[in-house]
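Chains as they are written, first to last, in the numbering used here: chain A, 21 to 245; chain B, 21 to 245; chain C, 249 to 471; chain D, 14 to 363; chain E, 14 to 363.
Beta carbons: idealized from backbone N, C-alpha and C, even for Gly.
See below for the structure under consideration.
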Amino acid sequence: MQFAPTDIQAILLSARVGVVATLVALPLGFLAAWLLAFGRFKGKLLLELLFNLPLTLPPVVVGYLLLLLLGSQGALGRLLDLLGIKIIFTWKAAVIASVVVGFPLLVRSIRLAMEGIDLHLVQAARSLGAGPLDIILTVILPLSRRGIMAGSSLFFARSLGEFGATIIIAGNMPGVTQTLPLAIYDYASSPSGEGTALALCAVSILLSLAVLMLHETILQHKKGA
Amino acid sequence: MQFAPTDIQAILLSARVGVVATLVALPLGFLAAWLLAFGRFKGKLLLELLFNLPLTLPPVVVGYLLLLLLGSQGALGRLLDLLGIKIIFTWKAAVIASVVVGFPLLVRSIRLAMEGIDLHLVQAARSLGAGPLDIILTVILPLSRRGIMAGSSLFFARSLGEFGATIIIAGNMPGVTQTLPLAIYDYASSPSGEGTALALCAVSILLSLAVLMLHETILQHKKGA
Amino acid sequence: SLSVAASLRESVTELSDLFQKRTPGVSFKKNFGASGALAKQIESGAPVDLFFAANNEWVEYLIKKKLADEKSAGLFAYNQLVVAGKPGLKIASMQDLVKLNRIAIGSPKSVPAGEYAMAAFKKSGIDKQVEKKLVLAKDVRECLLYADRGEVDAAFVYKTDALLLSKHAKILYVVPENLHDRVTYPMVLTVAGSKKPEAAAFIKFLASAEAKAVLTKHGFEVR
Amino acid sequence: MELQLQAAKQQGNFQLELELKVSGERIGVFGPSGSGKSTLVNLLAGLARPDRGSILLDGKTLFDGTAGVNVAPDQRRIAMVFQQHALFPHLTVRKNLLYGYQRCPATERRIELAEVAEVLEIGDLMGQMPDTLSGGQSQRVALGRAILASPRLLLMDEPLSALDDDLRYRIIPYLKLVSERFKIPFMFISHSLVEMRLMADQVAVLEKGALTAVMTPEELARQRMGQSPAGYINLLELGVPQEKQGLLAYPWAGGELLLSSNAGAERGMFELSSKDIILCKRHPDAISARNLLPCTVRSLFETGSKIGVELDCKGGILVAEIVPDAARELDITPGGIIWAAIKASAFRRL
Amino acid sequence: MELQLQAAKQQGNFQLELELKVSGERIGVFGPSGSGKSTLVNLLAGLARPDRGSILLDGKTLFDGTAGVNVAPDQRRIAMVFQQHALFPHLTVRKNLLYGYQRCPATERRIELAEVAEVLEIGDLMGQMPDTLSGGQSQRVALGRAILASPRLLLMDEPLSALDDDLRYRIIPYLKLVSERFKIPFMFISHSLVEMRLMADQVAVLEKGALTAVMTPEELARQRMGQSPAGYINLLELGVPQEKQGLLAYPWAGGELLLSSNAGAERGMFELSSKDIILCKRHPDAISARNLLPCTVRSLFETGSKIGVELDCKGGILVAEIVPDAARELDITPGGIIWAAIKASAFRRL
Ligand SMILES: Nc1ncnc2c1ncn2[C@@H]1O[C@H](COP(=O)(O)OP(=O)(O)OP(=O)(O)O)[C@@H](O)[C@H]1O
Ligand SMILES: Nc1ncnc2c1ncn2[C@@H]1O[C@H](COP(=O)(O)OP(=O)(O)OP(=O)(O)O)[C@@H](O)[C@H]1O
Ligand SMILES: [Mg+2]
Ligand SMILES: [Mg+2]
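Rendered as structure tokens:
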């Protein structure tokens, strides 16, 4: 099976979007999880709801909402326009779509791990002079490692499969913003493209397998150390 | 804003599909998480990959694959046909789509919680005469409660938003298989339907808010007890 | 760049490739999707010059919003609505459809083909009888998929799409054009596109015999 | 209970290589920190798998590396009390206590909740959750939970370190009672010689993952008498006392012993450290020690820098501890007569 | 260190209602299980918030309910050793030890890693992860970690219960040394009177969430002498010894004391239980006790069923414990002369 150049580009683009989206989402997701796990403030439930919204809504709808926000008439879009930043119809839009849609998964995983941390450890750290930020970095971060790993591999996999929101805000431009799922969809919807669609599916599976293996190896390694 | 009867039906159907899918997926997800967290067998990585597949692939592709499997020409579809069971284009298909697509999220959450359980507790239970199944029910299940709650609210929310796979195998039959996201999509893609689409979005958000609140209340309640 | 309705994907790709070969230095970026999504993208400031839609509704929407150049609006091609289904079935008239179990059409709210199909049902007076049998697909390709896999007895699709069918399904019946509005594919230049000479040149090229031959090859009608 | 264990287990840098054959109802495991006591316990309970070897309990094979036998932990009916209590955090104290009880076949149940709750003083905690218990309370509940499983063997890994002295010595006789009355043999891990002496009939001594000896706690105590701050513990079974001059006079070995009145006016078991016996050549006219017993020296033995003197006081055997110099000066030789002075406060009820 | 605490805290059914003013470097908190000792520690460290009241340490307000002051735990520089060690599971022993050290301003660091590692005998464990440590090892590391933070106040919640006797008594003098040399005051929680006597200058006694008394451990020990199995502990500072007849003769109070040779031939602090002193009216000719000291009776005091006798042996003060009957019989009255017999083995180096 020979892939067309645009297919190769789609594979590379998807990998890039997945990696960048994960890198962008990780710190944000960690912060959000920390707020939800340890924070005590009003409006926490509201914040939680907000983080979960992209999960509840069909990605296509998320895409429309993002388009409203980031488009030239949107609040954020106009701001970005002033700064000369173009988002719509660029691969950055695909990253944003992935980040927004996968965010709830990431936050959930990390938060779950954080909630499992023995409070005595946090207390010990505090009594040893570690301030909140210090504790986050030296106790909470390493002890929620499993959750971060699980969450980010989940997130990466989700971003490899992200379709609905991406096609709306990034468009489906072969060689430019066409990610793997868009290419797969294109092929799958014409009877003659079934073979290529399946081959691209396999690539997508292989990619997430690689991330999964990496995740397991890191966990195993850390356990053994 | 007045909803058409089919819109009301879509709301009810979505709620039903969400609940049924969650009920169906929970025991399966728990079992899968247990296998992955505590099992030691060959092919574990493969199993994990399999569970994560629906996440990696665009839901539309998942739907397509399910159609191949469950359709009148599919292997399973033919078997079910013999048993007189119709899946495709019924609400059961929407349930199956939701279960398959949300499964990785459920498993991941539960598994993460399980991996946080203090092994001493399992050992104590064993030394007190509890067999593996007994331990699952009396130690692992209650101690992974947070993960189960988090996972199932995540799953439910995801199922409320499930679009790609559902539209393929359940079809989009107003009043029969048209779930909320399908209705939203329909409205959103015609210029005159934007208002209704937004209203239905709000309903979807309210529904998942309700689940989220339920989840928090249960956790809070148990903590206090 | 071009925003192209999904059903025009193959033909517009071939046409633009041809044009690029003819006119060195010109290159197109193409964006494929549902007409509605494409229109919304343009509304949100997507850098699009030329919009090929599958129905008039979205072109008018853009014109009303002063996002498209009304003067440039024109019809690009025509198509025919057909019923595709299991090779064994015999459909001689719309009335024959009542006997079937499942019929796939595009969702009338969002898919033009579905709208045409609904109009045809109404005109033939069978809309009430078939209402419960309809499976609303999110696009024509999905209708095609159902027909191809034998999940439905019949599907309302365009002739151009039906030509891609494998042996599991074939065209059973061509819906008479008097039952619905003619299937047209309009195109329009956006405000940004109307300032670009290349875009105008491409529109001119589309009217050429060479371009029409390509369209005909793909099953479109050009009159 | 008869235990035959031959097992090797590598854990990080630590290598356990044990061959242990013991029979008895009350086995002790003694050894310094890091000598592998907890590891041994895990092997027995089936929570860790030996790298090779075999484990037989009462003739039944629990593990056999070559034959591939490895009885599941829950089938071994070996209950444990961990160093860290490991209470189920989601169950009330009552449900924790009943966990093993309910899983024990009804015909094998020998101990009831009320009985355990009373002795361990946890009756008031029944409805509480484990995370609201203080350290001492938690460990008592963990102990009760294991006892209530009526196990074939009870493994206790330093179960008493978290308890206060008072409570500790109230639990020890109960544990012994349980073991005797219901025939629940136990293995008691500790690095305290005193506890060992009180709890075990036989002691396996571990050192760096290897067995150095199996002996009676008496032997161990005599051997280590010199090093141990507690000395050798004499255990005395005393009868029902009578009041006498504000003290309690307990019948013992044909005569009587005077104890402080706070010893409690019932018959029972008492401990007396070898360090608390002072020997005099002659009868001292006036001495603060309330007990002056004429004794025959049965034997002398050396341990460390100390000399143990085994005394026969009208049939009652006591071990006293003196320095070699004193032995010379008092001219202590087997068969000689000597006075043993013991303070009324030196006795402690177990 | 000067502590002023007035706080109330409800925890489930348990109500803490404390008013405590102490100053000193070595404060003990004594009380039975469940009396609220750990709760008090949490309030001080800032890990629990009083329902109302105020806490002042060295004149600095740590908490004031009415003024709304609540200094963050990490700003209090109050280190803790928990009952459960709470080591960071993801850090090596070395990194655990250095955690507080690194967070302490360099100018305030007073204790170095090597020093702590040596005394606690954890030098070999540096590279290990906490989950591979035995119970005793873990607690030693936790102790080291807190010490290395050079805290203004060190809170120790039964830190020694998991250690063996040997190690326990080797750590105690180090802790005292640390507290003296580097002026790290500590609060030591225990329900062991012996530990309390060894560790603290003053003891706050808790009972069911309320303060019943603040007293010196001597007072507490004298008060509870009758109940305690260890009796009253005499602490003796002894000079450099000389060998004498296989024993060690330590100079003390103008005369000398003979100790077993395993006491170690250096100057140091020794403990001697009041129970180990036998009083005789006359000089007994031959007695196994190696020390016979003529003393003047300074005072008598009653505790429980016992009589404490304060003795002046050529300037050295000792407390002996006898039963009332013996006091009468020996005719012990303040100012009287009496012989104290003490075995060479009765002393224990701290
Ligand atoms: N998983 C492990 N990996 C590496 N080393 C381990 C592991 N578990 C235990 N060890 C080491 O094995 C040795 C024996 O540990 P064990 O817990 O059996 O000692 P112990 O006699 O119970 O000590 P203590 O009296 O302090 O509880 C120790 O040196 C410990 O560090
Ligand atoms: N979160 C809580 N909820 C309810 N009760 C609690 C909670 N925490 C502690 N308690 C109760 O408060 C009392 C005091 O507990 P604390 O841990 O302070 O006792 P302690 O003196 O340290 O006991 P120990 O010597 O056994 O450690 C106990 O009766 C305990 O059950
Ligand atoms: Mg141990
Ligand atoms: Mg406590």
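Cβ of residue i less than 8 Å from any chain C Cβ?
i	result
A/Leu180	no
B/Pro78	no
B/Ser210	yes
B/Asp27	no
Hey, is residue i's beta-carbon within less than 8 Å of any beta-carbon in chain A?
i	result
B/Pro47	no
C/Gly362	no
E/Met169	no
Taking CB distances under 8 Å as the criterion, tell me whether residue i reaches chain B.
i	result
A/Val40	no
C/Gly333	no
A/Leu125	yes
Going by beta carbon distance, what residues of the same chain come within less than 7 Å of residue i, once the five residues before and after it are set aside?
i	result
E/Gly329	Trp265 and Ala266
B/Pro74	Val82, Val120, Val121, Phe123 and Pro124
Using a Cβ-Cβ cutoff of less than 6 Å, which residues in the same chain neighbour residue i once the five nearest sequence positions on both sides are dropped?
i	result
C/Phe450	Phe267
D/Gly136	Ala130
D/Glu15	Ser36 and Asp71
D/Gln96	Asp170 and Glu171
E/Thr74	Val82
D/Lys257	none
E/Gly49	Leu29, Leu219 and Gly222
Classify residue i as buried or exposed, calling it buried when 16 or more other Cβ atoms lie within 10 Å of its own Cβ.
i	result
E/Asn247	buried
B/Leu232	buried
C/Lys313	exposed
E/Gly348	exposed
D/Glu334	buried
Measure the C-alpha to C-alpha separation of residue i and residue j and round it to an integer number of angstroms.
i	j	result
B/Pro162	D/Ile91	24 Å
D/Leu60	D/Thr52	9 Å
C/Ile311	A/Arg60	51 Å
A/Ala52	A/Ile189	24 Å
B/Ile168	C/Phe276	50 Å
C/Ile353	C/Ala321	28 Å
C/Arg257	C/Thr408	11 Å
C/Asn304	A/Val115	33 Å
E/Ser273	D/Arg303	26 Å
Among the residues of its own chain, which have a CB less than 8 Å from the CB of residue i, if the five just before and after it don't count?
i	result
C/Asp375	Met366 and Phe369
B/Gly97	Leu89, Leu90, Gly91, Ile107 and Ile108
Determine, using beta carbons only, whether residue i comes closer than 8 Å to chain D.
i	result
E/Glu279	no
B/Ala53	no
Any C-beta of chain E sitting closer than 8 Å to the C-beta of residue i?
i	result
A/His140	yes
Worksheet item: Which of the residues in the stretch 34-46 of chain E, read from start to end, lie with their CB under 9 Å from any CB of chain D?
Response: Pro45 and Ser46
Item to complete: Check distances from the C-beta atoms of the stretch 86-117 of chain B to those of chain C and list, in chain order, the residues that come in under 8 Å.
Response: Hits within the stretch, in order: Leu87, Leu88, Gly91, Ser92, Gln93, Ile108 and Phe109.
Practice prompt. Quick one: which residues of the stretch 197-217 of chain E get their C-beta closer than 8 Å to a C-beta of chain D? List them in chain order.
Written response: Residues His204 and Ser205.
Worksheet item: Using a beta-carbon distance cut-off of less than 8 Å, what residues from the stretch 228-240 of chain A approach chain B?
Response: Ser228, Leu229, Leu232, Met233 and Glu236
Worksheet item: Taking Cβ-Cβ distances below 9 Å as the criterion, which residues of the stretch 279-291 of chain C are in contact with chain B?
Response: Ala282, Ser283, Gly284, Ala285, Ala287 and Lys288
Fill in: Against chain D: residues of the stretch 151-183 of chain B by CB proximity under 9 Å
Gly151, Pro152, Asp154, Ile155, Thr158, Val159, Pro162, Leu163 and Arg165
Worksheet item: In the stretch 290-302 of chain E, which residues sit with their C-beta less than 7 Å from some C-beta in chain D, listed in chain order?
Response: Cβ contacts with chain D: Ile291, Leu292, Cys293, Lys294, Arg295, Pro297, Asp298, Ala299, Ile300, Ser301 and Ala302.
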